[in-house]
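Engineer: The structure follows.
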Amino acid sequence: MNLFAYFHDKIAAEIAALGFALDTSRMSVEPPRDPAHGDVSANAAMVLAKGAGMKPRDFAEKLRPRLAKLDHVTAAEVAGPGFINLRLDNEFWYARLAEILRVGPAYGDSTAGQGRTVNVEYVSANPTGPMHVGHGRGAVVGDALAALLHKTGHAVTREYYVNDAGAQVDALARSVYLRYRQALGETVGEIPEGLYLGEYLIDTGATLAQRDGKKWLGKPESEWLAPVREFAIEEMLTLIRGDLERLGIEFDVFASERKLVKAGAIEHAIAELEKQGLIYVGTLEPPKGMLPDDWEARPQTLFRSTAFGDDVDRPIKKVDGSWTYFAADIAYHWDKYKRGFADLIDVWGADHGGYVKRMQAVVKALTQGKAALDVKLCQLVNLSDGGQPVRMSKRAGNFVMLRDVIERVGKDVVRFVMLTRRNDQTLDFDFAKVVEQSKDNPVFYVQYAHARARSVMRLAAQHFGADELTPTALAHGPLNLLADADEIALVRHLAQWPRTVEGAAQMHEPHRIAFYLQEIAASFHALWNKGNADAGLRFVVEGKRDLTRARLALVQAVAFVIASGLKVIGVTPAEELR
RNA sequence: GCGCCCAUAGCUCAGAGGAUUAGAGCAGCCGCCUUCUAAGCGGCAGGUCGUUGGUUCGAGUCCAACUGGGCGCGCCA
135 MNLFAYFHDK
145 IAAEIAALGF
155 ALDTSRMSVE
165 PPRDPAHGDV
175 SANAAMVLAK
185 GAGMKPRDFA
195 EKLRPRLAKL
205 DHVTAAEVAG
215 PGFINLRLDN
225 EFWYARLAEI
235 LRVGPAYGDS
245 TAGQGRTVNV
255 EYVSANPTGP
265 MHVGHGRGAV
275 VGDALAALLH
285 KTGHAVTREY
295 YVNDAGAQVD
305 ALARSVYLRY
315 RQALGETVGE
325 IPEGLYLGEY
335 LIDTGATLAQ
345 RDGKKWLGKP
355 ESEWLAPVRE
365 FAIEEMLTLI
375 RGDLERLGIE
385 FDVFASERKL
395 VKAGAIEHAI
405 AELEKQGLIY
415 VGTLEPPKGM
425 LPDDWEARPQ
435 TLFRSTAFGD
445 DVDRPIKKVD
455 GSWTYFAADI
465 AYHWDKYKRG
475 FADLIDVWGA
485 DHGGYVKRMQ
495 AVVKALTQGK
505 AALDVKLCQL
515 VNLSDGGQPV
525 RMSKRAGNFV
535 MLRDVIERVG
545 KDVVRFVMLT
555 RRNDQTLDFD
565 FAKVVEQSKD
575 NPVFYVQYAH
585 ARARSVMRLA
595 AQHFGADELT
605 PTALAHGPLN
615 LLADADEIAL
625 VRHLAQWPRT
635 VEGAAQMHEP
645 HRIAFYLQEI
655 AASFHALWNK
665 GNADAGLRFV
675 VEGKRDLTRA
685 RLALVQAVAF
695 VIASGLKVIG
705 VTPAEELR
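The first sequence begins at 135 in the numbering used here and counts up by one.
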């Protein structure tokens, strides 16, 4: 259970019992910043005193005795401008420990989402080549966020938008055709401007040659473009699917832009906007200060996104009359809404930052404000190897492929490291550092804590029967023998897991999970080391079976919470490290 | 020029509008292995939370302006 939500309800009930009909939704119940102030801190008095016609401290004093009588509360104190701080007895923490053992890695699961439908769209890399490291960051952030929302009781759909229409896939088809001719013995020379240079396309061209033989040689583009394009997209998606599989990511939906276009979804969406008077033909002001060389004023078909907070209205048609990418994205987001999603989340690269406002504007317009779109922008990943920057150039086609990174450091390392920074901070990824086995490496540090916990349990198995070490047996053990202040402190910390999960889910910030796990690992390593200094504080104490069982309960709970967190991140907990 | 993101210890970064004392890690200094993994732990030292205003009982957190950095800026996706 989220103990802070629990006490929020308790406190709200006591306020009601005092005869006040006040809105307690603004009241926060949190851990105090300074643990010396207690276990639970409520700002009720400051938020509610005005409504009750009282001074905050007077209100707090009136409420205090009632809270002091709540179960497991040993003290209620009024502090500062009117905080009410509660201290809880050890029994409460033993109950939390037993709870963790009872539910195992499902600890932290919550119904906060109330089954709300959420669509998390991430990766959505163009089907023009394998995934690179930047895609990897978005992939991990999106996937962990989806897992987090699932854990908090949302109905989550993981979705990948395939940009299989438009100029890029035409360029892909031409690039593959070139490699196809090459595979059949032609000399193609320099790859022309605008085509893809990636060496992976050599294989694709060869595969096409193998499948179709000389069928397309010497034919006009109008004949081969469509079939080659279809073939190439499928090949690229196979590559991408392979990359995702290596990362352990599985999508529920691959949404095809081409299918949407074919079904006339763009026309429908634009017609809807037109009905609302949000489409017009006009001429935009040139961007100030940075004028494109070939700029000339011309009338365009525009979406009035300024009506919803955007800076300028946005074109939905190109000069040749075809739809812009934005127009397709309008249709796509409306489609998501019509499929029943009230909450939309897009995970994009930071270079798409300029599109956030217009997309949110569209979602507002098409759903009459009933759907919310949150866009998580992921900053760059700076690759280095032992401190030496790894330079990438898309132009030269030598960008570092995600699969190579996974092959070198492993899926678990990639996933964890991608969450060691907020999504909107640039991330340094050093090949040498992330596989280092030291406390400087957060992945290792957390894995080591889990492995240590498992190691203790294995050792304990030599002294106890298997039936004595099951989580249930441990939960029913003499937990009250846990008396060391650091042991209780660790239980407290573990008991914050549900709140951490709910907070991270609500704020759409999966990195918080990685940070929390590092804290738990640190607490556990510290406790472990107290056993080095004082043998009486070791987890397994010769001749003290009851005390040992109580401590094993704590050790098992640590393992469960770390496993619970790693599951959100998509990392396999290590049983041992070699 | 405009928009978005960012600015917290020497470095890399956390920080849900709250309390006399803003936290980690690294680097620095001093310590801890006869041991369940020392692949670890403890301690010391280190801060005008970019600047200036504003809102509030209260601001690292919210608002505005400014300074500095990243990303982007009509018919690419």
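Beta carbons are placed, not taken as given, at the ideal position from N, Cα and C, and that holds for glycine.
Between the region 532 to 552 and the region 620 to 640, can you find at least three pairs of beta-carbon atoms closer than 8 Å?
Structural biologist: no
Engineer: Nearest by alpha-carbon distance to L279: which of L700, P707 and L711 is it?
Structural biologist: Looking only at L700, P707 and L711, the smallest Cα-Cα distance to L279 is reached by L700.
Engineer: Can K451 and T435 be called in contact, C-beta distance under 8 Å?
Structural biologist: For K451 and T435, yes; Cβs fall inside 8 Å.
Engineer: Write down the C-beta distance between R241 and A389 rounded to the nearest angstrom, noting that I regard them as a contact closer than 8 Å.
Structural biologist: With the sequence shown as reference, residue 241 is identified as Tyr, and Arg is not the correct amino acid for it. Not quite, the Cβ-Cβ distance comes to about 34 Å (not below 8 Å), so this is no contact.
Engineer: Who does S244 pair with in a DSSP beta bridge?
Structural biologist: Residue pairing for S244: DSSP places it in no beta bridge.
Engineer: Can you give me the start and stop residues for the alpha helix (DSSP H) that I450 sits inside?
Structural biologist: Here I450 belongs to no alpha helix (DSSP H), and DSSP marks it neither H nor E.
Engineer: Below 6 Å CB to CB, which residues in the same chain sit around N297 once its five sequence neighbours on both sides are set aside?
Structural biologist: N260 and E391
Engineer: Checking 8 Å against the spacing of the C-beta atoms, do G347 and Q316 come in under that value?
Structural biologist: Not a contact, by the Cβ cut-off of 8 Å.
Engineer: Got a sec, what are the start and stop residues for the alpha helix (DSSP H) V497 sits in?
Structural biologist: V490 to T501
Engineer: Using a threshold of 8 Å, state whether the C-beta atoms of Q311 and V395 are closer than that.
Structural biologist: Residue identity differs from the one stated: residue 311 is Tyr in this sequence, not Gln. Not in contact: Y311 and V395 (Cβ atoms no closer than 8 Å).
Engineer: Please tell me whether L561 and Q522 are closer than 8 Å, where the distance is taken between their beta carbons.
Structural biologist: no
Engineer: Give me the residue from Q640, E653 and L615 with the minimum Cα distance to A629.
Structural biologist: E653
Engineer: In whole angstroms, give me the CA-to-CA distance for G487 and P215.
Structural biologist: 41 Å
Engineer: Out of A366, L331 and P326, point me to the one whose CA is closest to T341's CA.
Structural biologist: A366
Engineer: Excluding the five sequence neighbours on either side, which residues of its own chain have a C-beta within less than 7 Å of the C-beta of L412, listed in chain order?
Structural biologist: The residues are F437, R438, A441 and A499.
Engineer: When you compare only the Cα positions, how much space is there between G319 and I336?
Structural biologist: 12 Å
Engineer: Quick one: which unbroken beta strand (DSSP E) runs of 3-plus residues sit fully inside the region 230 to 296? Chain order, please.
Structural biologist: 251 to 255 and 289 to 296
Engineer: So, A585 versus A708, is the Cβ gap smaller than 8 Å?
Structural biologist: Cβ atoms of A585 and A708: closer than 8 Å.
Engineer: What would DSSP say about D469, mapped onto helix, strand or coil?
Structural biologist: helix
Engineer: Would the region 196 to 212 and the region 654 to 666 be scored as touching if the rule is three or more Cβ pairs under 8 Å?
Structural biologist: Segments in contact, no.
Engineer: Let me check understanding here. Comparing Cα to Cα, which of F217, Y582 and V547 lies closest to L182?
Structural biologist: F217
Engineer: Which first and last residues belong to the beta strand (DSSP E) in which A176 is found?
Structural biologist: A176 -> beta strand (DSSP E) spans V174 to A176.
Engineer: Nearest CA to the CA of P239: which residue from P605, A639 and A484?
Structural biologist: P605
Engineer: Entirely within the region 527 to 586 and at least 3 residues each: give me those beta strand (DSSP E) ranges in chain order.
Structural biologist: DSSP runs (the beta strand (DSSP E)) wholly in the region 527 to 586: 561 to 564.
Engineer: When burial is assigned at 16 or more other CB atoms within 10 Å of the CB, is M79 buried or exposed?
Structural biologist: The requested residue 79 does not occur in the structure, where the chain is confined to residues 135 to 712.
Engineer: Quick check on DSSP: helix, strand or coil for F154?
Structural biologist: coil
Engineer: So N136 packs on P632, CB below 8 Å; how close in whole Å?
Structural biologist: 4 Å
Engineer: Please work out which residues of its chain come closer than 8 Å, Cβ to Cβ, to R529, disregarding the five sequence neighbours upstream and downstream, and give them in chain order.
Structural biologist: Low local confidence applies: a pLDDT of 48 at R529 is under 50, so the model's placement there is unreliable, with the coordinate-based value given in what follows. Closer than 8 Å at Cβ, skipping near neighbours: L331.
Engineer: Would you identify the three-state DSSP class for A431, choosing helix, strand or coil?
Structural biologist: Reduced to three states, the DSSP call for A431 is coil.
Engineer: Thinking C-beta only, is F563 closer than 8 Å to V515?
Structural biologist: yes
Engineer: Between the Cα of L152 and those of V163, G172, R492 and A194, spot the shortest distance and give me the residue it belongs to.
Structural biologist: A194
Engineer: Please work out which residues of its chain come closer than 8 Å, Cβ to Cβ, to I325, disregarding the five sequence neighbours upstream and downstream, and give them in chain order.
Structural biologist: Closer than 8 Å at the Cβ level, and outside the excluded window around I325, lie S309, L312 and L331.
Engineer: Measuring CB to CB, does L613 end up less than 8 Å from L231?
Structural biologist: yes
Engineer: What does the alpha-carbon distance come out to for the pair V692 and F658?
Structural biologist: 8 Å
Engineer: How many whole angstroms separate the CB atoms of F460 and A505, which I take to be in contact at a CB cut-off of 8 Å?
Structural biologist: Not quite, the Cβ-Cβ distance comes to about 18 Å (not below 8 Å), so this is no contact.
Engineer: With DSSP collapsed to three states, give me the class of K196.
Structural biologist: K196: helix per DSSP, three-state reduction.
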